[in-house]
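Written out below as structure tokens is the structure these notes cover.
Number of protein chains: 4
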Amino acid sequence: MLVVMHANATPAQIDAVADRIRQLGYSPHVIPGALRTAIGITGNRGPEGRETLLMMPGVEDVVRITVGYKLVSRETHPEPSVFPIAGSRIGHGFTVIAGPCSVENEKMMIESAQFLSARGVKLMRAGAYKPRTSPYAFQGLGTEGLRILAQVKAETGLGIVTEVLDTDNVDRVEEVADVLQVGTRNMQNYALLRRLSKAGKPVLLKRGMAATVEEWLLAAEYLMSGGNRRVILCERGVRTFADHTRNTLDLSIVPVIKHLSHLPVLIDPSHGTGRAEYVPAMSRASLAAGADGLLVEVHPDPRSALSDGQQSLDFDAFTQLYASLKPLANVLDVELL
Amino acid sequence: MLVVMHANATPAQIDAVADRIRQLGYSPHVIPGALRTAIGITGNRGPEGRETLLMMPGVEDVVRITVGYKLVSRETHPEPSVFPIAGSRIGHGFTVIAGPCSVENEKMMIESAQFLSARGVKLMRAGAYKPRTSPYAFQGLGTEGLRILAQVKAETGLGIVTEVLDTDNVDRVEEVADVLQVGTRNMQNYALLRRLSKAGKPVLLKRGMAATVEEWLLAAEYLMSGGNRRVILCERGVRTFADHTRNTLDLSIVPVIKHLSHLPVLIDPSHGTGRAEYVPAMSRASLAAGADGLLVEVHPDPRSALSDGQQSLDFDAFTQLYASLKPLANVLDVELL
Amino acid sequence: MLVVMHANATPAQIDAVADRIRQLGYSPHVIPGALRTAIGITGNRGPEGRETLLMMPGVEDVVRITVGYKLVSRETHPEPSVFPIAGSRIGHGFTVIAGPCSVENEKMMIESAQFLSARGVKLMRAGAYKPRTSPYAFQGLGTEGLRILAQVKAETGLGIVTEVLDTDNVDRVEEVADVLQVGTRNMQNYALLRRLSKAGKPVLLKRGMAATVEEWLLAAEYLMSGGNRRVILCERGVRTFADHTRNTLDLSIVPVIKHLSHLPVLIDPSHGTGRAEYVPAMSRASLAAGADGLLVEVHPDPRSALSDGQQSLDFDAFTQLYASLKPLANVLDVELL
Amino acid sequence: MLVVMHANATPAQIDAVADRIRQLGYSPHVIPGALRTAIGITGNRGPEGRETLLMMPGVEDVVRITVGYKLVSRETHPEPSVFPIAGSRIGHGFTVIAGPCSVENEKMMIESAQFLSARGVKLMRAGAYKPRTSPYAFQGLGTEGLRILAQVKAETGLGIVTEVLDTDNVDRVEEVADVLQVGTRNMQNYALLRRLSKAGKPVLLKRGMAATVEEWLLAAEYLMSGGNRRVILCERGVRTFADHTRNTLDLSIVPVIKHLSHLPVLIDPSHGTGRAEYVPAMSRASLAAGADGLLVEVHPDPRSALSDGQQSLDFDAFTQLYASLKPLANVLDVELL
């Protein structure tokens, strides 16, 4: 940390701050400047004491230097993490996870799974529990949805990525899922994160709607520090003033995450744009930006979908998209999975 | 809803949309315009079918008209709601809820409670469970914190407002609390909202960090539609590009909520600004804007606070603030509680 | 400035950074930490050299400490500035500047001016030149509008606050105006700011739609450093994700500006909310927050206004608002002008 | 437009609105609904009258349907526009415009131009006039910068893209420039746009820092409706809460612009990210997303750059980037220029 003193701070105020730093068990390094004095602090390992210092007379600001995450940081783990899951290897190559927004019924799920499996997709996404903005909207099939997911898995061998909304049903979801998804609204649901840090399955952690990178990585740190080392990040668009897409897909997060963390990062262009017609362009852009894969909504008949129809690709559109990704991946020397 | 056709939509496309509207069980009203045709829809009660229509050829947009919330709406409940709680009446007059961010120990809690009670405060805020961005930060005293809150209540008669983070500890918190607080990160934790909709205590629902008014009111609708009629809204600042305060306090939400809903709305100027020195100005502004009260952080010694010290008032500052609110309330003809 | 080294930075990298700092003519202060080394810099007076340092191997970040504005800063000018203008004193008490969005015709202007003057208002706002989002919208009466403003001034003695859009018409506007207004879209129109820094009239500088406080104060610094010492700040709402008001009125800017600068700060609740029905609440809140005044839209018949009708108060509403401000100002011990 | 009545609106209020619509010269179409009545309006060609209607008793909202831009719209001009400029064809293939942020001196400009020209680049960017946040920062070489640009053009045949800040120097800049750049801060500087609508050179219009797509396209409409048909759009990142990049690069604007307009759209990944190390990933993503090209900062020695050094590529990095774009463009069947 670095204490920035007010331009008019008195020598006595500067001394008092230095004393307080020593009381906190740290070392002060006074740096007199042309306009104001700054005081560097060493010996601390985090921002503890920052607030105390901020309230002292003559202090203008206390700048944090060290970020709060450790286990997720690339500084402490320079190699990128790779997680083998159900025949795919997330973090190696470009992994396409596809499927409908919600499990709607057995027929559409089996149909979708067979379609995806035939194209080479290894992991299927679909929600049995759906977080919906309105209490009057379709909330998912629940346990019946889990049963269908288990059946899909048994019949097609696809790995299952599905959302868990509540600590109470982690056990149940974990029986079926290969990856436990945490939605954007739950990125800072710490009770859920703590429970999932003890789960035996990898966690796909979506970025919160208005989360900074630091908050997102600290949420991942909750999972890792609790013992679950397999965390997959997923950008799905953030909330801004822009109204031409459902969310603003923050694709430049990809090189930033690669710089800061060893964890893999996927892109969800379906929620990121909110309209099926924009999904292919952003999927190709995700691959070119260096993302580790996609989480994309595909539905046999988007017009009849119970949720997110507008942003779901139909089979033809997905086939076309997937076909367009292959030569791109080839040129980029990335394995498409 | 209103379907907006593309400027170049063909008559056949317009007919197809009208037919689809009839299949959905609604009535189409074709409105030919100078540049494009629009089709009004009647007979629907919500946005069902919107996505289907959006995907039809020739459709440019489908505009929603009816909002999704009902029970929280002022249209269906024109009188403002008033909730008598522990000697205060939230929704009538200006209710000041004050106290430390966290329950830290018995001594500071009793000391704070006696101080606040002596000034006429009826409801005390303090967290036993704290949602913290970092897994390495102080997470609250938990059940020991609840025990202290019960003791404070028994000794001083103050009502208790405290946060509940998890469905698992609602029962425990409800035994002590007079108001169950849902934090900004949990505004769309629907498992928690559903559980609280069955609680016997009122819920104070903070606005999500990036929630629109509609999303916030729909979260309140989760509580009300589940059976809990006592919902108190609380604005605590939203996330924007602005970096001069911890959050951007959206005070104009007050007249907007008064227009749209019958529920009371409080302001949290402590989180809304993040610095104690800005709290008094924004507290007075909240009163002048017509809010129903404050949720404000007060600590016997902010410099030693385990959390949020920087934004907590000390006793002197609170005394001054409270004294400055009285004549204002008087002039505005609002009872200060 | 403070250089933050990467956790794995080598001693040679640290030395190289220290050398580079010396080459820049500054002094390095190496502060070894538990996790990483930081290097304080003294002798600089601004962020010059920051980018060079950022690109050196082993450097993680370079933190700026000193803000770039000087003349607008409260540190160098502790007393609040007060500008006497046309019988009012901006920066002392609470100054209400009112009037229509645009000069529409002589009749409505004289009628409005007489109405406002009779209520004690000293400064009238109205635009002869209007910046409009669409090229097809009413763009103001131009020179004919200036002629009407001059007539209003002559007949009623009111001071005139009017917008200047272009360097080319500063001379012309300055002949009539008592305060030259710079709109939100022009806050960083530096050609205009430079020209206005040589003007003989005070400048009312609206905050840019997405401007940070630092950018705003640096825009004010352009005016002051060019020689115009009379700068009045005006918050008019910023752009965020929130859609319940036209802009998000950032009222907490008031205590922040008071902390950072000696310049007066007004609030424009008309643009800040976009709806006349929300203006009175936010006007009272502005007064209670400690603002130096209002810039508020008033129109004899808002329904027929050529621009901004929806957010303009009619005479009755303004009369009521003004009446409600008086006792508030009285209680706050602020003179209402 | 569509008038949405309040749920409790009376028949008399509905009639009054219909009458007012007829007075405005339009036709009302009353659509009674289950919860509320809506009234469609035909005969209008824009939002005129919207504000009047919004203020009538019983009216909840007036929804706009027709967007305000015409000449820039793809509905009225279905074929994409292509502008041949200095050997390149913007709107056909992927055009890379590169060069330093500012013209610093003759030597670095000639050196950069020769380097770029040798790699096949046809258009060079560099600013003689620089809009800087601080009045104390380097503001560009001005006319001397223009002289150097003219020399570069004469010696290398490169087309010149350079910023114009002020109506006063459009003539001078136009003599040298092949493309006139309007920066993000000037997107709504209507005096400048009006002047440029009469210019004989194409205009590159950067998106405002917080501009919606509609505002951006309306700014382009200012240029086109004034007579300048050659408008090139350029996304350079928008301002959001996110702090991991200098701006948030909104890459999904690409398919949206392609849907709404016939104008070409470029991406500026240098301002979009603010750090050279993130530029290559976002450049490749721009190509894959379907953008018409890049505006990218390249400097012979970024460490000594007078502005934007941190986000400028050096020659090696540009060479690598350009080499990586070729096979991508090839696979995407896009010509790289």
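Chains as they are written, first to last, in this note's numbering: chain A, 157 to 493; chain B, 157 to 493; chain C, 157 to 493; chain D, 157 to 493.
Beta carbons are placed, not taken as given, at the ideal position from N, Cα and C, and that holds for glycine.
Source: prediction; values computed, not measured.
Rounded to whole angstroms, what is the Cα-Cα separation between residue i and residue j?
i: R108 of chain D; j: S183 of chain A; result: With chain D covering only 157 through 493, there is no way to say anything about residue 108 of chain D.
i: V359 of chain B; j: V335 of chain B; result: 6 Å
i: R303 of chain A; j: T251 of chain A; result: 25 Å
i: F471 of chain A; j: P420 of chain A; result: 27 Å
i: A174 of chain D; j: Y292 of chain C; result: 26 Å
i: F474 of chain D; j: V490 of chain D; result: 20 Å
i: Y285 of chain B; j: K362 of chain B; result: 16 Å
i: T232 of chain A; j: A376 of chain A; result: 15 Å
i: R178 of chain C; j: L349 of chain B; result: 59 Å
i: L256 of chain A; j: L450 of chain D; result: The sequence given here places Pro at residue 256 of chain A; Leu does not occur at that position. Each residue's Cα considered, the two are about 35 Å apart.
i: Y478 of chain D; j: M380 of chain D; result: 33 Å
i: L493 of chain D; j: S229 of chain B; result: 57 Å
i: E260 of chain B; j: W372 of chain B; result: 31 Å
i: P287 of chain B; j: M365 of chain B; result: 14 Å
i: E262 of chain C; j: T208 of chain D; result: 21 Å
Mapping DSSP to helix, strand and coil, what is residue i?
i: M265 of chain D; result: helix
i: D171 of chain B; result: helix
i: T299 of chain C; result: helix
i: S237 of chain C; result: coil
i: F294 of chain D; result: coil
i: H400 of chain D; result: coil
i: K278 of chain A; result: coil
i: A284 of chain B; result: coil
i: A194 of chain B; result: strand
i: H185 of chain C; result: strand
i: V180 of chain B; result: The displayed chain sequence assigns Leu, not Val, to residue 180 of chain B. Residue state, collapsed to three classes: coil.
Taking C-beta pairs closer than 9 Å, name the residues in chain F that residue i reaches, listed in chain order.
i: L405 of chain D; result: Looking at the structure shown, chain F is missing, and the protein chains on hand are A, B, C and D.
Excluding the five sequence neighbours on either side, which residues of its own chain have a C-beta within less than 8 Å of the C-beta of residue i, listed in chain order?
i: T401 of chain C; result: G393, G428, T429, G430, R431, Y434
i: E331 of chain A; result: L302, A306
i: A269 of chain C; result: G255, M280, V308, E311, T312, L314
Identify, in the order they occur along the chain, each residue of the same chain with its Cβ nearer than 7 Å to the Cβ of residue i, setting aside the five sequence neighbours on each side.
i: G383 of chain A; result: S353, K354
i: G567 of chain A; result: Within the shown structure, residues of chain A are numbered from 157 to 493, placing residue 567 of chain A beyond reach of any answer.
i: V186 of chain D; result: I170, A174, T193, I195
i: T289 of chain B; result: none
Which residues in the same chain have their Cβ closer than 6 Å to the Cβ of residue i, if we skip the five residues on either side of it in sequence?
i: V320 of chain D; result: V326, V329, L336
i: G205 of chain D; result: L180
i: H162 of chain C; result: G214, E216
i: L510 of chain A; result: Residue 510 of chain A lies beyond the stretch modelled for chain A, which goes from 157 to 493, so this question has no answer here.
i: P198 of chain C; result: The displayed chain sequence assigns Thr, not Pro, to residue 198 of chain C. The answer, listed in chain order, is S183.
Pull out every residue of the region 383-400 of chain B whose Cβ sits closer than 7 Å to any Cβ of chain C, in chain order. V394, T396, F397, A398, D399, H400
Between the region 211-230 of chain C and chain B, which residues of the former have CB atoms less than 9 Å from a CB of the latter, in chain order? none
Name the residues in the region 424-449 of chain C whose C-beta lies less than 9 Å from a C-beta of chain D; which are they? R431, A432
Taking a cut of 8 Å between CB atoms, which residues from the region 263-292 of chain B lie near chain A? When C-beta distances to chain A are compared with 8 Å, the residues of the region 263-292 of chain B below that value are P287, R288, T289, S290, P291, Y292, in chain order.
Which runs of the beta strand (DSSP E) spanning at least 3 residues fall entirely within the region 417-478 of chain B, listed in chain order? With a minimum length of 3 residues, the unbroken runs of beta strand (DSSP E) contained wholly in the region 417-478 of chain B fall at 421-423, 449-453.
Chain-ordered residues of the region 298-327 of chain A with a beta carbon less than 9 Å from chain B: L321, D322, T323, D324, N325
Residues in the region 325-350 of chain D with C-beta within 7 Å of chain C's C-beta atoms, listed in sequence order? For the region 325-350 of chain D, residues whose beta-carbon sits nearer than 7 Å to a beta-carbon of chain C comprise R341, N342, Q344, N345, Y346, A347.
Taking only beta carbons into account, state which residues of the region 465-490 of chain C come closer than 7 Å to chain D, listed in chain order. G465, Q466
Members of the region 357-378 of chain B that neighbour chain A once the beta carbon cut-off is set at 7 Å: Those residues of the region 357-378 of chain B placed with their C-beta closer than 7 Å to a C-beta in chain A are M365, A366, E371, L374, E377, Y378, ordered along the chain.
Any chance you could list the alpha helix (DSSP H) runs of at least 4 consecutive residues sitting entirely within the region 322-405 of chain B, in chain order? 326-332, 346-352, 369-381
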